[in-house]
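A short write-up of the structure that comes next.
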Amino acid sequence: MCLAICRNRVFISQNHCILNYQLDGKFISRVGVPGDGELEFKDPWGITIDKSNGDVYICDVSNNRIQILSENLHYKSQYGKDILTEPVDILPTRDNIFILDGSYSCLHIFNKDLVLQKNIIYRGEGQQVIYPWFFFQFALIIF
634 MCLAICRNRV
644 FISQNHCILN
654 YQLDGKFISR
664 VGVPGDGELE
674 FKDPWGITID
684 KSNGDVYICD
694 VSNNRIQILS
704 ENLHYKSQYG
714 KDILTEPVDI
724 LPTRDNIFIL
734 DGSYSCLHIF
744 NKDLVLQKNI
754 IYRGEGQQVI
764 YPWFFFQFAL
774 IIF
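Next up, the structure:
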């Protein structure tokens, strides 16, 4: 289970669904069922909000993709099915989208047009970051 907070709203990923609450705890909405189609999830994990437009990015771990929803949790798009193997965390910035792939312990860097720019591999001799879950949440606390 992960959560993201933006614009007085809380988004939680858990049990094949995304929950949306107001900061005061009032329930707003829920989307998602088990599966591999639009608004269907298999192990939704990392979740974050693009502060520039309110889009909700969800790491759909066992479907090997990222689903993008509007801030009202309407389906917008998805990507990564042919590139990602176990996306566990995501961080959109002004210029790039960083995705942590837990299976390969790899950081993928995409531009805003979702074109892969670079892969940084962590697993290997002398680079022992294995299964780096929650990397971006900790990075945001540090920076």
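So the sequence shown is numbered by the numbering used here: it starts at 634 and just counts up by one.
We put the CB at the ideal spot given by N, CA and C, even for glycine.
As the structure is a computational prediction, the values presented were derived from the model and not from experiment.
7 Å CB neighbourhood of L672 in its chain, flanking five on each side removed: V664, G665, Y708
In whole angstroms, what separates the C-alpha of F660 from that of D683? 21 Å
Assuming L749 contacts H741 (C-beta within less than 8 Å), just tell me the rounded distance between them. 6 Å
Kindly list the residues whose CB is nearer than 8 Å to the CB of I716, restricted to its own chain and excluding five residues on each side of it in sequence; keep chain order. H741, L749
Along the chain, where does the beta strand (DSSP E) that runs through V689 open and close? 689-693
Buried or exposed: which applies to P667, given that a residue is buried once 16 or more other Cβ atoms fall within 10 Å of its Cβ? exposed
Runs of beta strand (DSSP E) lying entirely within the region 675-745, each at least 3 residues, in chain order: 677-682, 689-693, 698-702, 708-712, 720-725, 729-734, 739-744
Using DSSP's beta-bridge definition, name the partner residues of L625. The requested residue 625 does not occur in the structure, where the chain is confined to residues 634 to 776.
Mind reading off the beta-carbon distance from P720 to I699? Whole number of angstroms is fine, and I expect it under 8 Å. 6 Å
Among R642, R640, H649, which has the Cα closest to the Cα of M634? H649
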